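Enquirer: In order, the protein sequences belong to chains A and B.
Residues 10 to 204 in our numbering are what the first sequence spells out, letter by letter.
Residues 3 to 262 in our numbering are what the second sequence spells out, letter by letter.
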Amino acid sequence: MIAIVDYGAGNISSVKKALDHLGAGAEVTTDPVTIAAAEKLLVPGVGHFSRCQALNTQLRKAVLESIANGRPFLGICVGMQWLFEGSSEAPETEGAGLFPGKVSRFPAGVKSPHVGWNQIDIGAGSRLLRGIPDCAFVYYTHSYRAPVIGETVASSEYGGVFSAAIERDNVFGVQFHPEKSGTIGLKILENFCAL
Amino acid sequence: MPSERLTKRIIACLDVDAGRVVKGVQFLELRDAGDPGELARAHAAAGADEIVLLDITATAEGRKTLIETVHRTAREIFVPFAVGGGIRTLADAAQVFEAGADKISINSAAVAHPGLIAEIAERFGSQAVVVAIDARRGRRPAEAAEVYVAGGREATGRNAIAWAHEVEERGAGEILLTSMDRDGTGAGFDCELTAAIAATVSIPVIASGGAGTPQHFLEVFTRGRADAALAASIFHFGTHALAGLKQTLVEAGIPMRWPC
Numbered sequence: 010m011i012a013i014v015d016y017g018a019g020n021i022s023s024v025k026k027a028l029d030h031l032g033a034g035a036e037v038t039t040d041p042v043t044i045a046a047a048e049k050l051l052v053p054g055v056g057h058f059s060r061c062q063a064l065n066t067q068l069r070k071a072v073l074e075s076i077a078n079g080r081p082f083l084g085i086c087v088g089m090q091w092l093f094e095g096s097s098e099a100p101e102t103e104g105a106g107l108f109p110g111k112v113s114r115f116p117a118g119v120k121s122p123h124v125g126w127n128q129i130d131i132g133a134g135s136r137l138l139r140g141i142p143d144c145a146f147v148y149y150t151h152s153y154r155a156p157v158i159g160e161t162v163a164s165s166e167y168g169g170v171f172s173a174a175i176e177r178d179n180v181f182g183v184q185f186h187p188e189k190s191g192t193i194g195l196k197i198l199e200n201f202c203a204l
Numbered sequence: 003m004p005s006e007r008l009t010k011r012i013i014a015c016l017d018v019d020a021g022r023v024v025k026g027v028q029f030l031e032l033r034d035a036g037d038p039g040e041l042a043r044a045h046a047a048a049g050a051d052e053i054v055l056l057d058i059t060a061t062a063e064g065r066k067t068l069i070e071t072v073h074r075t076a077r078e079i080f081v082p083f084a085v086g087g088g089i090r091t092l093a094d095a096a097q098v099f100e101a102g103a104d105k106i107s108i109n110s111a112a113v114a115h116p117g118l119i120a121e122i123a124e125r126f127g128s129q130a131v132v133v134a135i136d137a138r139r140g141r142r143p144a145e146a147a148e149v150y151v152a153g154g155r156e157a158t159g160r161n162a163i164a165w166a167h168e169v170e171e172r173g174a175g176e177i178l179l180t181s182m183d184r185d186g187t188g189a190g191f192d193c194e195l196t197a198a199i200a201a202t203v204s205i206p207v208i209a210s211g212g213a214g215t216p217q218h219f220l221e222v223f224t225r226g227r228a229d230a231a232l233a234a235s236i237f238h239f240g241t242h243a244l245a246g247l248k249q250t251l252v253e254a255g256i257p258m259r260w261p262c
């Protein structure tokens, strides 16, 4: 079972719908016990980084333990940003700190939010992006982005280069919305389900 | 700063009345030609970057049908899906999101109660709030365009550019700008008006009204500075027309999600 962690950050139904379409057993939950029992975790999210506070206060322990136990984790959008140390969008809200660096706003002069379809430059060896052609188009909607780091497996360009996807061992994150990225996005979610 | 790799979007609009698509359906030889779910899926498969379902139903019975329609349509598509028409309150919006929409579009209700924009944005995020502006200017300059509501029947006395600025301040994530002067004419988008709005706000502007040829899209993406263009009528030409449209735009140097 894949647990879709519901911490009040919206967009849950789209992700659930995509996983249902793929025939993956997915359950939306706010329950730490269900999270602890799940084979995989998916943390979606769209909107403000401060919403991660709910994740931090109620579910952080269960989520981090699942990750420490080697269970596959996928963070989408704000769910990916949470994996970093924090975000300038809500400096008082901590990230998980599993990846180095902080999330920051697009520079002034760049139209924000970054909404629409953009291309990803894919590095070698990503398990999440296996079979995805380089320069594939994916759907974004966000105003803050994560830096390119050693664990970046795909990047996009918009007011500079940023992390489109990160990956280390069992922990994966994508800034774009695979559940809204057509057949490319469904393939990425299928890869996650197959891990 | 350049952002050439972010593509311009082609948005397919389905006008729905009591659960059935009422125009833009001629091209598909579907068993049930007027089913929004089937049409949405066909448009997405043909390369539409986003689907908008616009409810033109006024009855309470029809509103209930809308929610079922949104639910059924949302299940079929995995590209962004926006729903507009008759959303008057936060509760209306919540119902539409619950049914599977990614974005809602509000128009008359935003003019009547501008606070609604922030209410919805605070709960669901700015990215989920599209404010539709229906504007008319006749022979006046773009800067003098006026906002209309109630499906274009009522003038508001509001200046379209000032209103665009206000809705951005209030938390709108995108503006869907329809030129009432051009709507239904096939004479091309109002590039001057679109450019004037795009220069005023920093959120994306979707141009609507007047699409007739690929050249019209090219013009609105260049001279009109639009981030996206919406049309129902282009799909009269068939799914091949959408491919042809995107191919033409790519060859003209417009960043497009193509092939997709």
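Cβ atoms here follow ideal geometry from the backbone N, Cα and C, with glycine treated the same way.
Just so it is clear, the structure is predicted and the values come from calculations on it, not from any experiment.
1. Against chain B, does K189(A) count as a neighbour if the rule is that its beta carbon must be under 7 Å from one of theirs?
2. Label M182(B) either buried or exposed according to how many other C-beta atoms from any shown protein chain fall within 10 Å of its C-beta, with 16 as the threshold for buried.
3. Would you report the Cα separation of R160(B) and R141(B), rounded to the nearest angstrom?
4. Round the Cβ separation of P41(A) and A71(A) to the nearest angstrom and send it over; I've been treating them as touching at under 8 Å.
5. Can the beta-carbon of L195(B) be found less than 7 Å from the beta-carbon of N127(A)?
6. In three-state terms, what does DSSP make of A63(A)?
7. Just verifying my parser: in three-state terms, what is the DSSP assignment at S204(B)?
8. Quick check: the Cα distance between A163(A) and R155(B), rounded to an integer number of angstroms?
9. Identify the residues that DSSP records as bridge partners of K49(A): which are they?
10. So, is M258(B) buried or exposed, given that buried needs 16 or more other C-beta atoms within 10 angstroms?
11. Listed in chain order, which residues of the segment 44–57 of chain A have Cβ atoms closer than 8 Å to some Cβ of chain B?
12. Among A101(B), G102(B), E100(B) and D94(B), whose alpha-carbon lies nearest the alpha-carbon of I264(B)?
13. Does the beta-carbon of S97(A) have 16 or more other beta-carbons within 10 angstroms, so that it is buried, or is it exposed?
14. Whose C-beta lies closer than 6 Å to the C-beta of A147(B) among residues of the same chain, with five residues either side of it excluded?
15. Going by beta-carbon coordinates alone, are L50(A) and A105(A) separated by less than 7 Å?
16. Using 7 Å as the limit for Cβ to Cβ distance, is K25(A) near chain B?
17. Please work out which residues of its chain come closer than 8 Å, Cβ to Cβ, to P38(B), disregarding the five sequence neighbours upstream and downstream, and give them in chain order.
18. Just the chain A side, please: which residues come within less than 7 Å of S204(B) by C-beta, in chain order?
19. Considering only the beta carbon of each residue, do F126(B) and F99(B) sit closer than 7 Å?
20. Tell me whether the beta-carbon of V170(A) lies closer than 7 Å to the beta-carbon of V183(A).
21. Is it buried or exposed for K105(B), if we count other Cβ within 10 angstroms and need 16 for buried?
Expert: With the structure as the only source:
1. yes
2. buried
3. 17 Å
4. 4 Å
5. no
6. helix
7. coil
8. 49 Å
9. I11(A)
10. buried
11. V55, G56 and H57
12. In the structure displayed, chain B extends from 3 to 262; residue 264(B) sits before or after that span and is not available.
13. exposed
14. A137, R139, A162 and L195
15. no
16. no
17. L16, V18, G21, R22, V23, L55, T71, R74 and T75
18. K120 and S121
19. yes
20. no
21. buried
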